[in-house]
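Asker: Please read through the structure below; I'll follow up with questions.
Protein chains in written order, with our numbering: chain A, 18 to 723; chain B, 18 to 723.
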């Protein structure tokens, strides 16, 4: 059973801090709870006593005699810890704390929140909030918030938010669209109940067909991934994750007091959990409408039905922009259309019925398009028609749309002239948007929601004997560099254990040995300076490529010794590394870091000096899945090129996938590794392998006595 | 004087085809004209006679006795040519033809349009339309359309559209926003008056502060550029050019029957003419509101004032997304804010006043932000406040916003709960949008509108003696290859005349000469097959690089001869070209084509095999300007890299700019050239020049007797 059930379906609720003062939240909460039509028992508590909305106000918690499922707490923050204890003593286990003045308000509030959390843990209480707006359930119904009534309309979209203010705005946006919600949950400071707990509940909520989340951060990445993965298999989930930008992230941090993960990790996590990431508020909202109301499309071919050319072209542009396809109408469809459309009309897609199109023409053409097997989704465009009313069009098409087994959206272009039509469509639960572009964007979400369900999310792994792992960990722990950068010798051992391809290097502490090593590994060779405690060789010009003879090796060695001296590092100069020049190939970058929220994060893209400028890079969570491997190959130019883009020769893409899987495994096996980067990984032609030429591994250095 | 003045400010108007039948356009046009409050003389004509709206219907044009400035023609298409003649005989020179059934409807209509155009030319008539919605001027006022009344509100945005249906929709969208227009012009088929003519008129229209254009194509690229350049210096111009995508372009072509230019050329043309290109209908609309109402910002630093964290983060994300900057508030501002905001509030940007913020707090904080010299633009966010009404907030801030010398936009988040506030702001002409992202996007347009005015648009040129140009043209005209691809010898002559850098090639018709040429130009050399009439050498593996000795040259020659044989081209085999291998460097692509609308179009980006996959390419019109040169360097990775991105070594960017200027000039001097491409142009380190390794020039081949 869902442990939060008593919070969502309480048989009885008490408002602690109910107030007769209309300017107090305690008034608003009592007003909304009673006004919501909540069918259970309601109790109001306030030491001042009295009466409110015809109910007695009980002066003390101790006087409550009935069993109570849920307490709504609206008292000053400093009173909360004692209230929790008192309530738990009469058996209350579930709380929504609406008051602010906790973690978000400074040190004092933080201490109160900490104390409350300790009490909750001790008495096994479940708490939503504090500093939240509470819960609305339009079906039960119940409204535990203080948001201005009326409650939102009944609907099938659940909205979970880390911003209370957005609840009020969203309810009001929705009202304007005649749109309803199933549940609305404001999370507040997430002292106990977090976004994942709510997702768990909503996954099995029969009144909810689509879940929308406004997120500023995620409390526990692994918990979220596990629950979201399960929930998204049952219904579509849309997330608006804010704090994408640096400045947004700054604002989110100061706002929630939490450490945000990197944006790339969130994108990778949402992809992994089959969550659709909206890029702005309107998109979040419109996608939710479409996903809650529309059937699943068979394929992504869109037909456009319009009474004017311009809006048709706008929609067609948008189809391509969103990666959908324009349907090619069957000849039968064209024949049927031509039977009652005039010669000047267009019977190709977009179908332009011309301005004279009657409501009946709209209906007939729509039906023909619905019947066309080449058409998967249909956008009906209605600018204010010159000769008919938009509402007459709406009335004609509603039944046809409701009966269609294909997604149909209507763009009512305008405002007051299409207002009646909009009301009619809303009453008939036919989703509609003012601009054609909004319809096509919504189709793209409906299509993407289907595509992501077909991904193969099975995890990839690579097995290394436990003994080897243990000895690598011992080896790593013995190195104590300040900056945590591992020396080549350790890197080579790690790579050997994982059978990762590396271009071998040999240390030569003096000129003579440099000459000897160069001969051993065969020309051409590269030479890299080795300075104790210094990892960025290229920053001081400490790398020389393409040496082809003993003379060149000697003069290069002397030059690098000179460089060390110039940089005042002659004491730390340990000689040079010699490395055989790699066969030319595609330069890629493979790397991994640890994200604060989601843990190990892999990276792949174009390498060499171009990695910064081109930003041809994609990310995936580790352990990596089959579909993630495909994704990063298909979505980077580096990957496309290796895959044999057009008539380019194919590179050894399988070898790259192998490297990614091994790095993914390594990040799990060796938690000491904070960061790894191979740049470049030189990838040869198909079946000829790849080789890491420059590898950097940084480990977590425990900070000893600073 | 503006030649179209009598069309826009007629002293008298006749409706030809005025109808008593309410289902006819002739009824709607008469109704709107009379109802609009047009102050001039109005005449109605229809052979049936009678009366309409209290005015007599005159049965024949010949019976019109007064001088008439403008005729609104609403008769069947086939009657139009005779009507034009009849009207011109009584001195009418200006017409708006609203009827459809012309070019857009098939061959018959096309013939009628052609006949009408001939008459117009012969009698020097000016015609708007046919197949258009006409003109609305809210200031004169006049309404020559048949769009459902009421007329749009008076305002200062002019809207020019190639889609009549969009006029109706836009008027209605605008009504919903309480927004007005100065003029609205529907162009229809543009038989005579086109988008440029209208732009010319609007540039000096005192009631218009911003111009919005919906374009499917442009009739005459050069005329448009010249007029738009002048108009945009006087007021902001926003264009929504549709048909960006392949499918959109298909739809636009079938819609207007015109040949569309490439989308890249439109982007380049809009940049050249300082026109802001909107990417969708809503953006077009919102930008217009902001540009018509807001003052110019000093810089691009945005402050956000909110009563809730979430929407503040959303806005901050959007600031970065749109390339603006978050303002860093002065310490004085922070001190002032902290004096009356609570400790839990944020006095950093975004300024979060918390949910309890009163309308007065909004006003006070806003005033403080306006006074901060570090703040250039301010977004005020108001979700439905829990304790106050949104309209109380609106009332408090209106005066402050109107008095501010900085752009301020308000995001009223919601619908019915903020409806009153919206009405108040609209009445006070304070622009507002429902989502914070819309506000920030509008700021980005306001900022961009300032930036583009600072560009140096002076043209670059390169002078080649007229004699040289003449002899090149003669040379070119003497070559008659089927595919129009010029042979290397001609290309070399062209490049020499323009002092363009090319890696020289020498033809060797047999093996012995190949050896000799290789020695002359010095190893390493490249060898390219020469087959008469075949230009894509690499398609048949006809290019061999890095030959370093006589033996290698001999075996390469034999191999290529074999290839020619394998492809059945031994008859056409003319030997091989030998070319000295270029010094390694950055591989770029430089090219030019001729756009159907705007003429020569230059192209620059990353070259080599990557040109296709990375799409790292930008375009500019020729002749190129200083700011265009800067633009394509700053907006391609190829350009950034050459310019010394971070600590990458600088390449010879000046040499690349020189190449672009010369190619730009060449496209003007030599109209025979249809297409030129250097791929790669190898660019060396700074001051070391560049060299075109593979050049392809295609000329227009006159089609003789097919």
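The beta carbon of each residue, even a glycine, is placed where N, CA and C say it ideally should be.
Evaluate contact between the region 419-428 of chain B and the region 304-317 of chain B, counting only Cβ atoms and requiring at least three cross-stretch pairs below 8 Å.
Answerer: Touching, yes, given that three or more Cβ pairs across the two stretches are closer than 8 Å.
Asker: Rounded to a whole number of angstroms, what is the C-alpha to C-alpha distance between residue 62(B) and residue 76(B)?
Answerer: Going from the Cα of residue 62(B) to the Cα of residue 76(B) covers about 6 Å.
Asker: State the DSSP-derived secondary structure class of residue 83(A), mapped to helix, strand or coil.
Answerer: Residue 83(A): coil per DSSP, three-state reduction.
Asker: Given that residue 298(A) touches chain B, what residues does it touch there, using C-beta distances under 7 Å?
Answerer: In chain order: 331, 452, 454.
Asker: Interface residues of chain A around residue 55(B) at Cβ under 8 Å?
Answerer: Simply none; closest approach about 20 Å.
Asker: Please report the residue range of the alpha helix (DSSP H) in which residue 24(B) lies.
Answerer: Element bounds for residue 24(B): 22-25.
Asker: Determine the contact status of residue 307(A) and residue 396(A), defining contact as a CB-CB distance below 9 Å.
Answerer: No, the Cβ-Cβ distance between residue 307(A) and residue 396(A) is not below 9 Å.
Asker: Rounded to the nearest angstrom, how far is the Cβ of residue 218(B) from that of residue 19(B), given a contact under 8 Å?
Answerer: At roughly 5 Å, the Cβ-Cβ gap stays under 8 Å, so residue 218(B) and residue 19(B) are in contact.
Asker: Could you work out which residues of chain B lie near residue 123(A), taking near to mean beta carbons separated by less than 9 Å?
Answerer: Residues of chain B passing the Cβ test: 360, 361.
Asker: Residues of chain A with a CB under 9 Å from the CB of residue 192(B): which are they?
Answerer: By Cβ distance, chain A contributes 431, 432, 433, 434.
Asker: To test your reading of the DSSP string, which unbroken beta strand (DSSP E) runs of 3 or more residues are found completely within the region 462-550 of chain B?
Answerer: Entirely contained in the region 462-550 of chain B, the beta strand (DSSP E) runs reaching 3 residues are, in chain order, 522-525, 542-548.
Asker: When you compare the CB of residue 180(B) with every CB in chain A, is at least one pair closer than 9 Å?
Answerer: Yes, residue 180(B) lies at the interface with chain A (some Cβ there is under 9 Å from its Cβ).
Asker: Quick one: using the 10 Å Cβ neighbour count with 16 as the cut-off for buried, is residue 699(A) buried or exposed?
Answerer: With 16 or more Cβ atoms within 10 Å of its Cβ, residue 699(A) is classed as buried.
Asker: Suppose contacts are defined by Cβ-Cβ distances below 9 Å. Is residue 383(B) in contact with residue 414(B) by that definition?
Answerer: Cβ distance < 9 Å, so residue 383(B) and residue 414(B) count as in contact.
Asker: I'd like to know if residue 320(A) contacts chain B, where contact means its C-beta is closer than 9 Å to some C-beta of that chain.
Answerer: With 9 Å as the cut-off, residue 320(A) does not count as an interface residue toward chain B.
Asker: Along the region 228-239 of chain B, what residues have a CB closer than 8 Å to any CB found in chain A?
Answerer: The residues in question are 231, 233.
Asker: Using a cut-off of 7 Å between C-beta atoms, extract the partners of residue 624(B) located in chain A.
Answerer: Residues of chain A passing the Cβ test: none, with the nearest at roughly 14 Å.
Asker: My guess is that residue 174(B) and residue 309(B) are in contact by the Cβ rule of under 8 Å, so how many angstroms apart are they, rounded?
Answerer: That pair is a contact at about 5 Å.
Asker: Start and end of the alpha helix (DSSP H) containing residue 310(A)?
Answerer: Its alpha helix (DSSP H) spans residues 298-310.
Asker: Report the neighbours of residue 164(B) on chain A: residues whose CB is nearer than 8 Å to its CB, in chain order.
Answerer: Here the neighbours are 401, 403.
Asker: For residue 136(A) and residue 491(A), what's the separation of their Cα atoms in angstroms?
Answerer: When rounded, the distance between both Cα atoms is 41 Å.
Asker: Give every residue of the same chain whose Cβ lies closer than 8 Å to the Cβ of residue 589(B), excluding the five residues on either side of it in the sequence, and list them in chain order.
Answerer: 548, 549, 550, 551, 581.
Asker: Using three-state DSSP, classify residue 455(B) as helix, strand or coil.
Answerer: Residue 455(B) falls in the helix class under three-state DSSP.
Asker: Out of 102(B), 74(B), 116(B), point me to the one whose CA is closest to residue 90(B)'s CA.
Answerer: The shortest C-alpha separation from residue 90(B) is found at 116(B).
Asker: Quick one: what's got a C-beta closer than 7 Å to residue 619(A)'s C-beta in the same chain, skipping five residues either side?
Answerer: Contacts found: 609, 636, 637, 639, 641, 677, 680, 681.
Asker: Take the Cβ of residue 124(B) as the centre, count every other Cβ of all protein chains shown within 10 Å, and call the residue buried at 16 or more, exposed below.
Answerer: Classification of residue 124(B): exposed, given that the 10 Å Cβ count is below 16.
Asker: Taking 9 Å as the threshold (C-beta atoms), are residue 591(A) and residue 564(A) in contact?
Answerer: No, these two residues do not count as a Cβ contact at 9 Å.
Asker: How many Å lie between residue 522(A) and residue 546(A) at the Cα?
Answerer: Rounded to the nearest angstrom, the two C-alpha atoms are 12 Å apart.
Asker: Please confirm whether residue 30(B) and residue 85(B) have their CB atoms less than 9 Å apart.
Answerer: Contact flag set, yes.
Asker: According to DSSP, what are the bridge partners of residue 338(A)?
Answerer: Per DSSP, none; premise fails for residue 338(A).
Asker: Among the candidates 249(A), 350(A), 318(A), 327(A), whose CA atom is the shortest distance from the CA of residue 294(A)?
Answerer: The shortest Cα separation from residue 294(A) among 249(A), 350(A), 318(A), 327(A) belongs to 249(A).
Asker: Can you find a CB in chain A that lies within less than 9 Å of the CB of residue 328(B)?
Answerer: So, interface residue.
Asker: Tell me, to the nearest whole angstrom, how far the beta carbon of residue 97(A) is from that of residue 133(A); I am working on the premise that it is less than 8 Å.
Answerer: Contact flag correct, Cβ pair sits at about 5 Å.
Asker: Counting along the chain, where does the beta strand (DSSP E) carrying residue 696(A) start and finish?
Answerer: Per DSSP, residue 696(A) belongs to the beta strand (DSSP E) from 690-700.
Asker: Taking Cβ-Cβ distances below 9 Å as the criterion, which residues of the region 37-55 of chain A are in contact with chain B?
Answerer: Taking 9 Å as the Cβ-Cβ cut-off against chain B, the residues of the region 37-55 of chain A that qualify are 40, 42, 45.
Asker: Ignoring anything shorter than 4 residues or poking outside the region 157-194 of chain B, list the alpha helix (DSSP H) runs there in chain order.
Answerer: Runs of the alpha helix (DSSP H) inside the region 157-194 of chain B: 181-193.
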